[in-house]
Amino acid sequence: MSVSRRTLVQGAAALPFLASPGWAQRSAGIIRYGLSTFPPNLQPWVSTGAAAGTVKLLTHRSLVAFDSKGELRGELATSWSIDEKGAWVFKLRNNAVFHNGDPVTADDVKWSIEQIAGEKSTAYMRQQFQNISAVEIVDPQTIRLVTKEPLATIPTWFANYNTFIISRKSTAAEPIGCGPFRISAQERGTSIELTPFDKFYKPGFPKLKGVRFVVYADDNLRQAALMSGDVDIIEYVPWQSMNAVESDPRLRLDAVEGPFMCVLFNASKPPFNDPRVRRAVAHAVKRDDIVKAAFFGRGKALEGVPITQGTPWYDDALAHGWNYDPARAKALLAEAGFANGIQATMLATAQYGMHKDTAEVVQQYLAAVGIQCELKLPDWPTRVNMGGRGQYDLAIHGLASDSNDPDGLTAYLDTSLSANYVRSFGLQAPRTKAAMDRGRAEFDLAKRVEIYKEMQRAALEEVPMAGLAWRQQGFGMDRSVKGFSNLPGALTTSSGGTLEETWFG
Amino acid sequence: MTRWLFRRILTSLALAWIVATIVFMTLHLVPGDPAELLLSTGGAATDPAAVAELREKLGLERPLLDQYLSFHSGLTRGDLGNSLVDDYPVASEIALRLPRTLELILAGTALSVVFGMPAGAYAALHRGGRFDRIASATAAFLLAVPVFVLGTLLVLLLAQTLRLMPAGGYTPIAQNPAQHFTLLALPAIAIAKGLAAIVFRMTRASVLDAISRDFVRTARAKGLSPARVLVRHVLRNALTPVLTVLGLQMGTLLGGTVLVEYVFNWPGLSTPLLRAVEARDYPMVVGIVLTISGLFLLINLIMDILYAALDPRVRAS
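Protein chains in written order, with the numbering used here: chain A, 4 to 508; chain B, 13 to 329.
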């Protein structure tokens, strides 16, 4: 039989109909999750990024966690309150079991907290937890945390994905958790498989038969894997692909504005030691162009301190305190004695497109008011190194708060902390810092709201950093995936925890 | 011959040692602290006390010479050390991933030889003909298209639009042979596309060169059949430079499959190398680079031996 050109064309036309519905077939009840990067490691208290956090939230549990609305809910603790002496008291549930079969006791909780705060600790919460002066076991179901000074935000700290309670019998190499899943297999750099823990303390959970994490480091490939049905859900949908995911009838996009971009200053020397010059920078940039250029419109202008809209601390007027006003920027520069312009270096990184694109837009707008910036775009490790040593005048950075409570911004706004690439270098913003301290120590919500509004007013003048843009963080998933939620605002990176409630419908 | 081989092996080992030392030193000199980078993954604020503690634990506070010497003593015991990031043995990582990269390179090379060599020889024998013109233009095009463009287009067409194959990934051959080779196909094609063009051009040029030589005319004149002239005299002489290029290219591919592995999610050796450089995971980078350079030298050695087999003059000297 000879093959004519026509049969070839006909054959090719039939190809799409022969296509299988996704290659890596879904086995019943096991969700396939496209991770953006492989977790560097899964140590329960060490901060190793959001991918690690996603896995850890499923294998470990803490006293509390964020629910799908971003509110605190009890996990190992059933309730918590402040006693008359200002100490936090947590009541523990009595049916929680570690993966080795041992019950979760107050002793394990005490041990975990003390390890995190320990002298040899490399834990993310080490510094914060060193404010806890005593961990008292009142009875086997009650634990009392005495703090050096009043601390309103302790429960929120326990919801962080680097603050888990593990068994006293854990070793450094093998932490024993009590989460809804346990790791059944993994290949370094490629995939991690989880199976449900049958003695998990919430009856009926987890609903899934398993989770299979597969790493797709390339943004486009991760999206292609979702579109072709190789995976059921992906994190970090690339901004340019959000439209494609939204318009695919099989898929659903769940995106929130969580992380943000900002400008950091080296205030250890002129000209950025002058708050007027910093305010000039804050007023000089038209934020919408960053949202368009770096995030394909998938974000929002940020013209104030990064406080999530919809939280009690948000104030519309304060949120636009650094509105785009080039005339004002020029006036501020003239007032500070820089009417003839400024030459500066601007540090960002070429490793991440969003940093580079943001820097280029900011560079253009600053030039328009007379601040000429030379861009420095090294690789990320060098960028971190230079940032921590203040080897820049201006730096572009992307950040996410620890929580939607303004206290989660401490690492970025508390200028009394040691030099770090995540905050401005050598900058003093004493009024902002003082307000942050007061807010942390205040238990009354109404008073806290007032304190944090005051903090925002102070920051607008002192400019410990200048907000630029919120960026969307999106999950793309098959419509059959139910019960998974993208947590609001800064909590988006903790969304993986909702896989506990996820099922296929 | 044995002495020659012995000398060559010794030279290769010395070169590998020099490469390892240079990599070790430069890596420690470029900015970036593994402890700070690990603890700041995802943009987290780092606690300087925790960073100092981790540096101490990882042995990064020791003098550089001290670290270099212990790297050396490990090397003599065949121990490449453990990752700074998760304490995973470097040798295990290489043992798992090197075969996959080699498989990819071999598949790509095989494809390029199967297509490039006959096409090159045919084009040379019919120089200026329609096949020659089309094949030469195709080769130029293939060389010009970047791997990531071709790769992304292939994924877009075959995985995303037609859904004929998965969007990259890897399945062990023992688990599902059919899927293993399906997944191998795209990255192998992506590797072969540039290499086939090079092989085509080299073969074409050296066959053209060989057919105008005196010994070919002599062979024809003494009445040998055209096929025998082609195989015994033209190709045998023409293939030496092709082999040289092929050997060099295969060596380059060992470290150069990064883009292909990235675009197709092929879990070979390039991805951990890239990740290790980003994380300044010194032992992992040094271990992988040492392996790659060792293999590069090995390929060169094999090529030298192959020349000797192809060309009696090399053997004699």
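Even glycine gets a Cβ: it sits at the ideal position worked out from N, Cα and C.
With distances taken between CA atoms, Ala438 (chain A) lies nearest to A:Pro409 out of A:Tyr127, A:Leu369, A:Pro409 and A:Val425. Gln79 (chain B) is not a Cβ neighbour of Gly90 (chain B), given a cutoff of 9 Å.
Less than 9 Å separates the beta-carbon of Leu60 (chain A) from that of Tyr164 (chain A). Within the region 171-183 of chain B, the residues whose Cβ lies closer than 9 Å to some Cβ of chain A are Ala171, Gln172, Thr173, Leu174, Arg175, Leu176, Met177, Pro178, Ala179, Gly180, Gly181, Tyr182 and Thr183, listed in chain order.
DSSP links His400 (chain A) through a beta bridge to A:Cys265. For the region 157-169 of chain B, residues whose beta-carbon sits nearer than 8 Å to a beta-carbon of chain A comprise Thr164, Val167 and Leu168. Close partners of Ser50 (chain A) in chain B (Cβ separation under 7 Å): Leu51, Thr53 and Ala56. Looking at the DSSP output, Asp142 (chain A) bridges to A:Thr145.
Within the same chain, Met315, Leu318, Tyr319 and Leu322 come within 8 Å of Leu255 (chain B) by CB-CB distance, once the 5 residues on both sides are set aside.
By the neighbour-count criterion, in which 16 or more other beta carbons inside 10 Å mark a residue as buried, Ala137 (chain A) falls on the exposed side. His63 (chain A) and Ile169 (chain A) have their C-alpha atoms spaced approximately 8 Å apart. Taking C-beta atoms under 8 Å as the contact rule, Glu338 (chain A) and Arg281 (chain A) fail to qualify, at a distance of about 13 Å. Apart from sequence neighbours up to five positions away, the residues of its chain that approach Phe341 (chain A) with a beta-carbon distance below 7 Å are Pro274 and Val280, ordered along the chain.
In terms of beta-carbon proximity, Glu48 (chain B) lines the interface with chain A, with at least one pair separated by less than 9 Å. For Thr198 (chain A), the uninterrupted beta strand (DSSP E) segment begins and ends at Ser194 to Pro199. Contact check for Pro384 (chain A) against Pro178 (chain A) fails: the beta carbons are separated by 9 Å or more. When rounded, the separation of the alpha-carbon atoms in Glu105 (chain B) and Ala291 (chain B) is 16 Å. Looking at the DSSP output, Trp83 (chain A) sits in a beta bridge with A:Phe93. The Cβ neighbour count for Arg35 (chain A), taken over all protein chains shown within 10 Å, is at least 16; the residue is labelled buried. A distance below 6 Å between beta-carbons, with the five flanking residues on each side excluded, links Arg426 (chain A) to the following residues of its chain, in chain order: Tyr415. Remark: fewer than three beta-carbon pairs, one from each stretch, lie closer than 8 Å, so the region 92-106 of chain A and the region 120-134 of chain A are not flagged as touching.
When A:Lys485, A:Thr505 and A:Gly390 are compared, the shortest CA-CA separation from Ser271 (chain A) is found for A:Gly390.
Under the DSSP assignment, Thr348 (chain A) falls in the beta strand (DSSP E) whose first and last residues are Ile345 to Leu350. Comparing alpha-carbon positions, the option among A:Pro153, A:Asp328, A:Ser404 and A:Met357 lying closest to Ala444 (chain A) turns out to be A:Pro153. Glu249 (chain A) is outside the set of residues whose beta carbon lies under 9 Å from a beta carbon in chain B. The count of Cβ pairs closer than 8 Å, one atom from the region 287-305 of chain B and one from the region 153-165 of chain B, stays below three, leaving the stretches out of contact.
Three or more Cβ pairs closer than 8 Å define a contact, and the region 213-230 of chain B meets that threshold against the region 243-258 of chain B.
Counting only Cβ-Cβ distances below 8 Å, Leu66 (chain B) has contacts in chain A at Thr125, in chain order.
Counting only runs of 4 or more residues that sit fully inside the region 107-192 of chain A, the alpha helix (DSSP H) segments are 109-120, 129-132 and 157-162, in chain order. Beyond the five residues adjoining it in sequence on each side, Leu271 (chain B) comes within less than 6 Å, by CB distance, of Val159 and Phe160 in the same chain, given in chain order. The way I'd put it, the region 465-472 of chain A doesn't touch the region 329-336 of chain A; fewer than three beta-carbon pairs between them come closer than 8 Å. Around the beta carbon of Gln475 (chain A), 16 or more other beta carbons lie within 10 angstroms, which makes this residue buried.
Residue contact with chain A for Tyr134 (chain B): absent (no Cβ-Cβ distance below 9 Å to any residue of chain A). A residue is called buried once 16 or more other Cβ atoms fall within 10 Å of its Cβ, and Asn343 (chain A), having fewer, is exposed.
Comparing C-alpha distances from Phe428 (chain A) to each of A:Leu494, A:Gly393 and A:Lys205 shows the shortest one belongs to A:Gly393.
Annotated three-state conformation of Leu211 (chain A) is coil, per DSSP.
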